[in-house]
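Heads up, our numbering is the position in the sequence shown plus 165, with the first residue counted as 1. Inspection log for the structure reproduced underneath, given as structure tokens.
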Amino acid sequence: MDRFTKNYVDSFMADVIAKNPGEREFHQAVREVVESVAPYITSYPQLMDLKIMERIVEPERVILFRVPWMDDRGEIHINRGYRVQMNSALGPYKGGIRFHESVNLSIMKFLAFEQTFKNSLTTLPMGGAKGGSDFSPKGRSDNEVMRFCQSFMTELQRHIGADTDVPAGDIGVGGREIGFLFGQYKRLRDEFTGTLTGKGLAWGGSLLRPEATGYGLCYFTESMLKTRGESFAGKTVLISGAGNVAQYAAQKAMRLGAKVVTLSDSNGFIYDPDGLDEEKMQFVFTLKNIRRGRIKEYVSAYPNAVYYPDERPWTIPCDIALPCATQNEIEEQDARHLVDGGCFCVAEGANMPSTPEAIAIFHQNGLLYSPGKASNAGGVATSGLEMSQNSMRRKWTAEEVDAQLRRIMADIHAACVKYGTQEDGSVNYVKGANIAGFIKVADAMSDQGLV
Ligand code: NDP
Ligand code: 2IT
Numbered sequence: 166m167d168r169f170t171k172n173y174v175d176s177f178m179a180d181v182i183a184k185n186p187g188e189r190e191f192h193q194a195v196r197e198v199v200e201s202v203a204p205y206i207t208s209y210p211q212l213m214d215l216k217i218m219e220r221i222v223e224p225e226r227v228i229l230f231r232v233p234w235m236d237d238r239g240e241i242h243i244n245r246g247y248r249v250q251m252n253s254a255l256g257p258y259k260g261g262i263r264f265h266e267s268v269n270l271s272i273m274k275f276l277a278f279e280q281t282f283k284n285s286l287t288t289l290p291m292g293g294a295k296g297g298s299d300f301s302p303k304g305r306s307d308n309e310v311m312r313f314c315q316s317f318m319t320e321l322q323r324h325i326g327a328d329t330d331v332p333a334g335d336i337g338v339g340g341r342e343i344g345f346l347f348g349q350y351k352r353l354r355d356e357f358t359g360t361l362t363g364k365g366l367a368w369g370g371s372l373l374r375p376e377a378t379g380y381g382l383c384y385f386t387e388s389m390l391k392t393r394g395e396s397f398a399g400k401t402v403l404i405s406g407a408g409n410v411a412q413y414a415a416q417k418a419m420r421l422g423a424k425v426v427t428l429s430d431s432n433g434f435i436y437d438p439d440g441l442d443e444e445k446m447q448f449v450f451t452l453k454n455i456r457r458g459r460i461k462e463y464v465s466a467y468p469n470a471v472y473y474p475d476e477r478p479w480t481i482p483c484d485i486a487l488p489c490a491t492q493n494e495i496e497e498q499d500a501r502h503l504v505d506g507g508c509f510c511v512a513e514g515a516n517m518p519s520t521p522e523a524i525a526i527f528h529q530n531g532l533l534y535s536p537g538k539a540s541n542a543g544g545v546a547t548s549g550l551e552m553s554q555n556s557m558r559r560k561w562t563a564e565e566v567d568a569q570l571r572r573i574m575a576d577i578h579a580a581c582v583k584y585g586t587q588e589d590g591s592v593n594y595v596k597g598a599n600i601a602g603f604i605k606v607a608d609a610m611s612d613q614g615l616v
């Protein structure tokens, strides 16, 4: 980076930090994008004059609201609801809803910011948004979750719509929550539209949407591996998380011939030296999605496996790591462990799971490394396909959706290669994804005038 570009990044970040004090995750996500696109921006004075980057980091709208609800014992709880409508240059706002006790404005803004570039990469017409609440469904009854979702949607419904803003799931929001949210939306607005994605298959959902993020992650990883003449076959794979993304990443990696040896949750991880198989996967689906249990229960069913409480999986030797839990779950020391353990490929299923220090270690050691906005885009891409099916009032077969998902992931990989190939022939997927995602949004914003 030349001195002029470095000065641009430094002064830009100083402004962002001053304007958004304490928003650590938001600063982290912005810095990564600005560092990638600064050389591009500084060579196009028009983008500088139009202040495209200054506009992109300012959400078009932030909605913050009270969510009161009553638990099964009659006690009243007050949570905070959010919807950050970041950018609508490419289409209606689109992005998930997260229910987790850690949710705050910084996390919502970083996710909405990432979503803007991710959605641009999918090639589909979607703007960027994110929403959620500091409510955790963990340990709550179905009735409590329903009452919370109804209260949340009672306010959110006035800000969303099929052509305005289309939410979906994320951490803590799966099929059950989308059902309750959709029911209340329909009741209040008296319309059966595709305003949420991730819906049930009988009422407007798309085949393969539940699988899409994990499957798309594996399709993207296959393309990365292919650049080195490699594949999943025979590789040892670490996966973190045990939720939606982790489950289907594990299933697909296993079906592509890999040995998946770990899964985790916020309490610890399980290591199964024999690897997952179809039967073990069914156990995990039932454990997590029906019984809503904890991953440590895996070792009671499969005693060859070991449970490591309060630890992350990254110390286990592997070839490939697929982080699928949450932001900043791979820190510098974890990255060193991965490198020392023989890992040569890290593809992110979660959003921003690697810290900047961890990413630097991956790059220094020549790993194949892809940021979530490229490799986990299959989820929102299939949400885009669900929107298309809803608009046409049609339903595509699983084969049709899978073929489109594969094509989209291949196109995203090609875009990363186009904009991220270095002089030595290696691909910097961070640079590639950020520049490719940015150009479309920036061009659309210049076309649409000062809004
Ligand atoms: P789920 O709620 O289904 O699963 C989340 C998993 O991650 C759980 O195993 C959870 O464990 C674990 N986890 C959550 N927070 C933490 C934490 N602070 N520390 C350690 N573990 C944690 O969510 P998803 O699978 O949908 O989402 C996982 C990641 O993928 C997120 O980063 C999300 O933003 C991203 N993503 C999701 C997409 C989707 O379509 N669902 C699309 C693209 C990205 P526990 O039960 O203990 O909380
Ligand atoms: O982070 C993400 O891309 C998601 N949680 C999915 C969003 C969506 O609208 O499907």
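Beta carbons: idealized from backbone N, C-alpha and C, even for Gly. Here the structure is a predicted model, which means the values were calculated and not measured.
- For residue 427, the CB stays at least 6 Å from every heavy atom of the ligand NDP.
- Short note on residue 335: C-beta closer than 6 Å to some heavy atom of the ligand 2IT.
- Per DSSP, residue 552 lies in no beta strand (DSSP E) segment; the continuous alpha helix (DSSP H) that holds it begins and ends at 543–557.
- From the listed residues 578, 402, 595, 496, the smallest Cα separation to residue 508 is found for 402.
- At a threshold of 6 Å, residue 548 counts as near the ligand 2IT, since its beta carbon sits closer than that to one of the ligand's heavy atoms.
- Between residue 251 and residue 278, the C-beta spacing is below 7 Å.
- Taking the Cβ of residue 430 as the reference point, at least one heavy atom of the ligand NDP falls within a distance shorter than 6 Å.
- According to the DSSP secondary-structure assignment, residue 510 is paired through a beta bridge with 485, 533.
- Cα atoms of residue 221 and residue 526: separation of roughly 29 Å, rounded to the nearest angstrom.
- Annotation for residue 499: 477, 479, 523 place their beta carbon closer than 7 Å to its own, counting only its chain and skipping 5 residues before and after.
- Look at residue 517 here: in three-state DSSP terms it is coil, with no helix or strand label.
- Counting the other CB atoms within 10 Å of its CB gives residue 389 a total of 16 or more, which places it among the buried residues.
- If you ignore the 5 residues before and after residue 448, its C-beta comes within less than 6 Å of the C-beta of 466, all in its own chain and listed in chain order.
- Your pair residue 218 and residue 249 does not check out as a contact, with CB atoms roughly 18 Å apart and the cut at 8 Å.
- Bridge partners of residue 171 according to DSSP: none are assigned.
- Judged by DSSP secondary structure, residue 465 falls within the alpha helix (DSSP H) whose first and last residues are 463–466.
- Within the model, the alpha-carbon separation for residue 226 versus residue 209 is close to 28 Å.
- Beyond the five residues adjoining it in sequence on each side, residue 513 comes within less than 7 Å, by CB distance, of 488, 519, 535, 536, 537, 540, 541 in the same chain, given in chain order.
- Annotation for residue 243: 233 place their beta carbon closer than 6 Å to its own, counting only its chain and skipping 5 residues before and after.
- The segment 490–504 makes no contact with the segment 414–421, as fewer than three CB pairs between them are under 8 Å.
- Each of 295, 285, 264 was checked against the Cα of residue 310, and the nearest Cα belongs to 264.
- Per DSSP, the continuous beta strand (DSSP E) segment holding residue 427 begins and ends at 427–430.
- Separation of residue 564 and residue 366 (C-alpha to C-alpha, rounded to the nearest whole angstrom) is 15 Å.
- Here the distance from the Cβ of residue 566 to the nearest heavy atom of the ligand NDP is not below 6 Å.
- Beta-bridge annotation (DSSP): residue 377 is not paired with any residue.
- Using a 10 angstroms sphere on the CB of residue 308, the tally of other CB atoms stays under 16, which defines it as exposed.
- The alpha-carbon of residue 289 is positioned some 7 Å away from that of residue 546.
- In the three-state reduction of the DSSP assignment, residue 472 falls in the strand class.
- Proximity to residue 229 across 432, 193, 273 peaks at 273, based on C-alpha coordinates.
- Taking a C-beta distance under 7 Å as the contact criterion, residue 461 and residue 473 do not qualify as a contact pair.
- The beta carbons of residue 435 and residue 413 sit no closer together than 7 Å.
- By DSSP's assignment, residue 288 forms no beta bridge with any residue.
- With a cut-off of 6 Å, the C-beta of residue 449 is classified as distant from the ligand 2IT, since no heavy atom of the ligand falls inside that distance.
- Not a single heavy atom of the ligand NDP lies less than 6 Å from the C-beta of residue 422.
- Secondary structure at residue 233: strand, using DSSP grouped into helix, strand and coil.
- Per the C-alpha coordinates, the member of 392, 351, 425, 548 positioned closest to residue 437 is 425.
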